[in-house]
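Accompanying notes for the structure given below.
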Amino acid sequence: MKMLYYRIIKLIFSLILFLLAVQFEEASSQRLTLLIVLFSCLMAWGFLRPVMGNRFWLFLVDGILLFLLEYQSKFVINYFLHSLYFVIILEAGITLTKKYINLVTISLALISLSKFVYYIFYQFNATSISALLFNLFAFLFVITLIHYTLLQKEEREKNEMLYRELLQTHRQLKQYTRQSEQAAILEERHRIARDIHDAVGHQLTSLIMQLEMAGIQFNKENELIRIKELLDRAKETARQSLEETRKAVKALRGDELTGIDGIHKLIARFHQESGIEIETDFSTDLKELPVSADENYVLFRIIQESMTNAVRHGKTKKLTVMIRHVCCETAGDKRDVLEFSVCHPQSEAVAFTEGFGMQGMRSRLKELAGEIQFISSDDRFCVRGRFPLKKTVNDKESRERFL
Numbered sequence: 075m076k077m078l079y080y081r082i083i084k085l086i087f088s089l090i091l092f093l094l095a096v097q098f099e100e101a102s103s104q105r106l107t108l109l110i111v112l113f114s115c116l117m118a119w120g121f122l123r124p125v126m127g128n129r130f131w132l133f134l135v136d137g138i139l140l141f142l143l144e145y146q147s148k149f150v151i152n153y154f155l156h157s158l159y160f161v162i163i164l165e166a167g168i169t170l171t172k173k174y175i176n177l178v179t180i181s182l183a184l185i186s187l188s189k190f191v192y193y194i195f196y197q198f199n200a201t202s203i204s205a206l207l208f209n210l211f212a213f214l215f216v217i218t219l220i221h222y223t224l225l226q227k228e229e230r231e232k233n234e235m236l237y238r239e240l241l242q243t244h245r246q247l248k249q250y251t252r253q254s255e256q257a258a259i260l261e262e263r264h265r266i267a268r269d270i271h272d273a274v275g276h277q278l279t280s281l282i283m284q285l286e287m288a289g290i291q292f293n294k295e296n297e298l299i300r301i302k303e304l305l306d307r308a309k310e311t312a313r314q315s316l317e318e319t320r321k322a323v324k325a326l327r328g329d330e331l332t333g334i335d336g337i338h339k340l341i342a343r344f345h346q347e348s349g350i351e352i353e354t355d356f357s358t359d360l361k362e363l364p365v366s367a368d369e370n371y372v373l374f375r376i377i378q379e380s381m382t383n384a385v386r387h388g389k390t391k392k393l394t395v396m397i398r399h400v401c402c403e404t405a406g407d408k409r410d411v412l413e414f415s416v417c418h419p420q421s422e423a424v425a426f427t428e429g430f431g432m433q434g435m436r437s438r439l440k441e442l443a444g445e446i447q448f449i450s451s452d453d454r455f456c457v458r459g460r461f462p463l464k465k466t467v468n469d470k471e472s473r474e475r476f477l
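Per our numbering, the very first residue in the sequence shown carries number 75; after that it's consecutive.
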């Protein structure tokens, strides 16, 4: 698009220079026709050359056509037409690589300066020599300007490349940090598992032994007080075991799966680590809903898996995550339902088979009497699902009837 604008500007500027040159020429109709034909060929070649690849030697054709056009002038040097050399050199500086720019600019400069050499030979004086030197320095200035622009462009591209490398390194460091944190969490979970084995296992063994002793004492007379003591001790042991188990499960679950805030943290961390743009559409009353730990765990894992699949298989740069609370009414009963979707754009509909991840999501929702769909259209791929909350649907039969 930028090159198209440049060619339009070049055509307008060249046409103005040509009209000014013709006005001072006062040429006959025959020579005027020849000038118009040569100028038209020069402009047409300027539009045809890019189609042929803008090879460096093709710019020499521009120089030859311009030399023939200027040769038809009644002046030894027509400065209006001569200025078109600078236009061609600037175009070469924009379109060619640094390797070939010098070949084109030097060749065009020599073709241009040949007119001044002829001018000196025709009329050797200070005017002709100064005109030669002025144009020589003008060409040198334009060539220097082109090289300076190219140098700035290379520096800018190098800085952008370094920035991208630094950004990639930063993301890798973030990922390594995350992996280190996960390793630390895994180590902590192993420690908690050992604690469960040592503490809770020991207490449960003691509980079993106390219950067996109570059974033995039950068969003896006058041992009711002893049996009561054993049962009280067993009850306390069971209570301690339950408390230890709750602490261990809470530690294993961690803080990442606590409500809608955990999903917000998941999305923020995913955006930070992957650079994916993520739009969210959450109902305002989600924090007030009676979502159980199991329901929240399933919702968290499905959104996590859907976002991961979108990046891994869909190679997308943008995601939309929606979680919405709707209130449905069935047979006079109002039920709270959570609907969710994770969507990303795609260029065309893609055929897919449900792998382990999709089957796992379907299995998780089935346990909550929910449903899930994987929809691939011409422009989007969506994972959509819904499930009723346990507090409003108490038994499996009513949950299935609701869905």
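Every residue gets a Cβ at the ideal spot worked out from N, C-alpha and C, and that includes glycine.
Where residue i falls: helix, strand or coil (DSSP)
{"i": "Lys408", "result": "strand"}
{"i": "Lys338", "result": "The sequence shown places His at residue 338, not Lys. Of the three classes helix, strand and coil, the one that applies to His338 here is helix, per DSSP."}
{"i": "Glu403", "result": "strand"}
{"i": "Arg375", "result": "helix"}
{"i": "Pro124", "result": "helix"}
{"i": "Ile397", "result": "strand"}
{"i": "Arg129", "result": "coil"}
{"i": "Ile203", "result": "helix"}
{"i": "Asn152", "result": "coil"}
{"i": "Leu108", "result": "helix"}
{"i": "Lys464", "result": "coil"}
{"i": "Gln197", "result": "coil"}
{"i": "Val365", "result": "coil"}
{"i": "Thr171", "result": "coil"}
{"i": "Gly434", "result": "helix"}
{"i": "Thr382", "result": "helix"}
{"i": "Glu229", "result": "helix"}
{"i": "Arg473", "result": "The predicted position of Arg473 is uncertain, since its pLDDT is 37 and thus under 50; a value taken from the coordinates is nonetheless stated next. Note: Arg473 maps to helix in three-state DSSP."}
{"i": "His276", "result": "Caution is warranted here: a pLDDT of 49 is assigned to His276, below 50, making its placement in the model unreliable, and no coordinate value can be reported."}
{"i": "Gln256", "result": "helix"}
{"i": "His387", "result": "coil"}
{"i": "Gln346", "result": "helix"}
{"i": "Val178", "result": "helix"}
Bridge partner(s) assigned by DSSP for residue i
{"i": "Gly459", "result": "Phe414 and Ile446"}
{"i": "Lys392", "result": "Glu351"}
{"i": "Phe356", "result": "Ile397"}
{"i": "Arg245", "result": "In DSSP, Arg245 forms no bridge with anything."}
{"i": "Pro419", "result": "Arg454"}
Through-space distance from residue j to residue i, alpha-carbon basis
{"i": "Thr169", "j": "Asn209", "result": "23 Å"}
{"i": "Ala257", "j": "His338", "result": "23 Å"}
{"i": "Gly127", "j": "Val178", "result": "15 Å"}
{"i": "Glu165", "j": "Arg123", "result": "11 Å"}
{"i": "Gln146", "j": "Leu108", "result": "8 Å"}
{"i": "Trp25", "j": "Thr427", "result": "One cannot answer for residue 25 here, as it falls past the ends of the chain, which runs 75 to 477."}
{"i": "Leu116", "j": "Asp136", "result": "6 Å"}
{"i": "Gln378", "j": "His244", "result": "22 Å"}
{"i": "Arg460", "j": "Ser254", "result": "35 Å"}
{"i": "Thr223", "j": "Lys172", "result": "11 Å"}
{"i": "Phe92", "j": "Phe113", "result": "8 Å"}
{"i": "Lys464", "j": "Ile352", "result": "29 Å"}
{"i": "Ile110", "j": "Leu214", "result": "30 Å"}
{"i": "Lys102", "j": "Gln226", "result": "The residue asked about is misnamed: residue 102 is Ser in this sequence, not Lys. For Ser102 and Gln226, the distance between alpha carbons rounds to 48 Å."}
{"i": "Ile175", "j": "Phe374", "result": "58 Å"}
{"i": "Val457", "j": "Val411", "result": "17 Å"}
{"i": "Ser63", "j": "Val372", "result": "Lying before the first or after the last residue shown, residue 63 is absent from the chain, which here runs from 75 to 477."}
{"i": "Glu64", "j": "Ala118", "result": "It is not possible to answer for residue 64, since the shown part of the chain is limited to 75 through 477."}
{"i": "Glu441", "j": "Leu363", "result": "20 Å"}
{"i": "Ile446", "j": "Ile334", "result": "20 Å"}
{"i": "Leu439", "j": "Ala384", "result": "19 Å"}
{"i": "Leu85", "j": "Ala95", "result": "15 Å"}
{"i": "His221", "j": "Ala212", "result": "14 Å"}
Candidates the options, of which the one nearest residue i by Cα
{"i": "Arg386", "options": "Ser348, Lys408 and Phe356", "result": "Ser348"}
{"i": "Ser88", "options": "Phe154, Gln97 and Gly336", "result": "Phe154"}
{"i": "Thr358", "options": "Gln346, Arg343, Val400 and His345", "result": "Val400"}
{"i": "Val424", "options": "Leu439, Leu93, Met435 and Ile449", "result": "Ile449"}
{"i": "Ile397", "options": "Phe356, Lys361, Gln433 and Met381", "result": "Phe356"}
{"i": "Ala183", "options": "Leu134, Leu439 and Tyr79", "result": "Leu134"}
{"i": "Leu360", "options": "Gly336, Ser380, Thr382 and Asn383", "result": "Gly336"}
{"i": "Ile341", "options": "Pro364, Thr382, Glu310 and Asp306", "result": "Thr382"}
{"i": "Val216", "options": "Phe121, Tyr250, Ala200 and Phe160", "result": "Phe160"}
{"i": "Val416", "options": "Leu241, Gly444 and Thr354", "result": "Thr354"}
{"i": "Arg343", "options": "Gln249, Leu260, Lys408 and Ile163", "result": "Gln249"}
{"i": "Phe195", "options": "Glu239, Val150 and Phe211", "result": "Val150"}
{"i": "Ile350", "options": "Val395, His221 and Arg81", "result": "Val395"}
{"i": "Arg433", "options": "Val125, Arg252 and Ile376", "result": "Looking at the sequence itself, residue 433 is Gln, so the reference to Arg does not match. If we check each option's Cα against that of Gln433, Ile376 comes out closest."}
Discussion item. Three Cβ pairs or more, each shorter than 8 Å: is that satisfied between the stretch 135-152 and the stretch 176-191?
Written reply: Between the stretch 135-152 and the stretch 176-191, the count of Cβ pairs shorter than 8 Å is three or higher; the stretches touch.
Discussion item. Quick test of the definition: if touching needs 3 or more C-beta pairs under 8 Å, does the stretch 452-460 touch the stretch 415-425?
Written reply: Inter-segment contact for the stretch 452-460 and the stretch 415-425 is present: three or more beta-carbon pairs are separated by less than 8 Å.
Discussion item. Measuring CB atoms only, is the stretch 385-392 touching the stretch 368-375, in the sense that at least three cross pairs come out at less than 8 Å?
Written reply: Too few Cβ pairs lie closer than 8 Å, so no.
Worksheet item: Are at least three pairs of beta-carbons, each pair with one atom in the stretch 234-241 and one in the stretch 191-206, less than 8 Å apart?
Response: Judged by Cβ distances under 8 Å, the stretch 234-241 makes no contact with the stretch 191-206, as fewer than three pairs qualify.
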